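Colleague: One rule links them: number in the working numbering = place in the sequence shown (from 1) + 36.
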Amino acid sequence: MAYKRLRRAGLPQDLCESLSRHQITTCKDFLCLSLLELMKVTGQSYQNVKKLIHKVSQSCAPRMQTVYEMKMKRTINPSSSFLPTTLEGLDKILHGGIACGSLTEIAGPSGCGKTQFCIMMSLLATLPTSMRGLDGAVIYIDTESAFSAERLIEIAQHRFPHYFATEEKLISMPSSIHLYRELTCDSVLQRIESLEEEIISKNVKLVVIDSVASVVRKEFDTKLKGNLQERSNLLTKEASILKYLAEEFSIPVILTNQITTWLSDGLAVQTDLLSPADDLSLSEGSSRNGDEHSGYVTAALGNTWSHSVNTRIILQYLDSQTRELLVAKSPIAPFTSFRYKIENSGLVLQESDQKDQPRCNLEGMRPLRAIKLFLKALVCRPPPQHHGLGS
């Protein structure tokens, strides 16, 4: 709530404009200043400034809500609670779909369908409520230039052929998806900070960032002193703003993340920089403690980011033909897995005679055989330093 815009805190328009010239645009910016500082920038008296502080504090303070009120709100307006994925088994486990008012992370290696999932969810958010959509606009922040308008149309025509049978529907749907290509950390943060007004003016019902990890891992080498803390601060700020937007407007926020492979000697490898073929070769394997070249994969960006997301869904390969979807973290769903494939209509769950037993722990880490990746890492490592004459 600290990132709520002052324009929405009930302050006079001319005062908001005056404060913005001093880079004071959010409730946090305002409340972090002392009484004396506020008197200087506003030009108002001590008593008036105290009233302004009280007004802004009331505006950004969390509102109390009983469990009964939450339940009744969801009963009266189910679309305010979840955005269905149309994947029946997944929606059942998640009690309705992607939760509104929270952050959902989609993690996995390259080529497993993260962007396809985001495109599919963007389409679903634009559908009318009679079709279990949110009947609103979508803001899609693309950091990898991976979004495909052609693929969006293809999924729409194959998933809902009757609804998108007319050219009018095919034109109106993409018009509701607002795409922004942001290729640096600064531009992504600036876009996130400007979302509040866009959500209001464009009736946005879904925010997608594909991907959070891409720009962060390119710009921050965590081996350099200070970079890890700087990266953590950036991610914390982005997560705080996104959580505020999700809760304030009761909308789902979907974020994609890459994965990191940790080898048995503690060496981390940025797995998403390898090819899908390499990832496929690592799908089968031994336990973490069995093989001397064993390792495990986990979502990138570290523990701070991991605790920022409410729900984590992992997409991964089982073999060259089969992919697996894991509900690895959720406040309302058990740890579950589904097998899926990607078709013209997007992601499709595969029928299974028995319930899939995921070979992962609760953090979504998967045992794997990492010999091939281990050899790749060895090639990149500097030669050992030998000391003494007896080498």
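The beta carbon of each residue, even a glycine, is placed where N, CA and C say it ideally should be. Keep in mind the model is a prediction, meaning the values are calculated, not measured.
(1) Out of E283, F285, A275, state which residue places its alpha-carbon closest to the alpha-carbon of L291.
(2) With DSSP run on the structure shown, which of helix, strand or coil describes F66?
(3) I'd like the list of long-range same chain contacts for V174, defined as Cβ closer than 6 Å, with 5 residues on each side in sequence excluded.
(4) Where do the N-terminal and C-terminal ends of the alpha helix (DSSP H) with I82 fall, by residue?
(5) Starting from D246, follow the beta strand (DSSP E) in both directions and report where the run begins and ends.
(6) Let me check one thing: in DSSP terms, what residues is R375 bridge-paired to?
(7) Taking all protein chains shown into account, do 16 or more other C-beta atoms lie within 10 angstroms of the C-beta of M156, making it buried, or fewer, making it exposed?
(8) To the nearest angstrom, report how far apart A185 and F371 are at their CA atoms.
(9) Where do the N-terminal and C-terminal ends of the alpha helix (DSSP H) with Q49 fall, by residue?
(10) Which residues in the same chain have their Cβ closer than 7 Å to the Cβ of E180, if we skip the five residues on either side of it in sequence?
(11) Report the three-state DSSP secondary structure of V174 (helix, strand or coil).
(12) Taking the C-alpha atoms as reference points, what is the distance between L309 and L337?
(13) Thinking C-alpha only, which one of C52, L88, M100, D222 is nearest K254?
(14) Under 8 Å, do S381 and I191 count as touching if we go by C-beta distance?
(15) Taking just the CA atoms, how far does K40 sit from Q83?
(16) CA-CA distance, E11 and S117?
(17) Nearest CA to the CA of Y376: which residue from P367, K365, L361, S366?
Modeller: So, to answer that:
(1) A275
(2) F66: helix per DSSP, three-state reduction.
(3) For V174, where only same-chain residues beyond five positions count, the Cβ hits under 6 Å are S158, A161, I213, L242.
(4) It is Tyr, not Ile, that sits at residue 82 in the sequence shown. Y82 -> alpha helix (DSSP H) spans 82-96.
(5) 240-246
(6) E360
(7) buried
(8) Those two C-alpha atoms are separated by around 33 Å.
(9) 49-56
(10) D246, S247, S250
(11) Strand at V174.
(12) Unreliable positioning characterises L309 in this predicted model, as indicated by a pLDDT of 42, which lies under 50. A coordinate reading is not provided.
(13) D222
(14) Yes. Within cutoff.
(15) 24 Å
(16) Past the edges of the chain, shown from 37 to 427, lies residue 11, and the structure says nothing about it.
(17) L361
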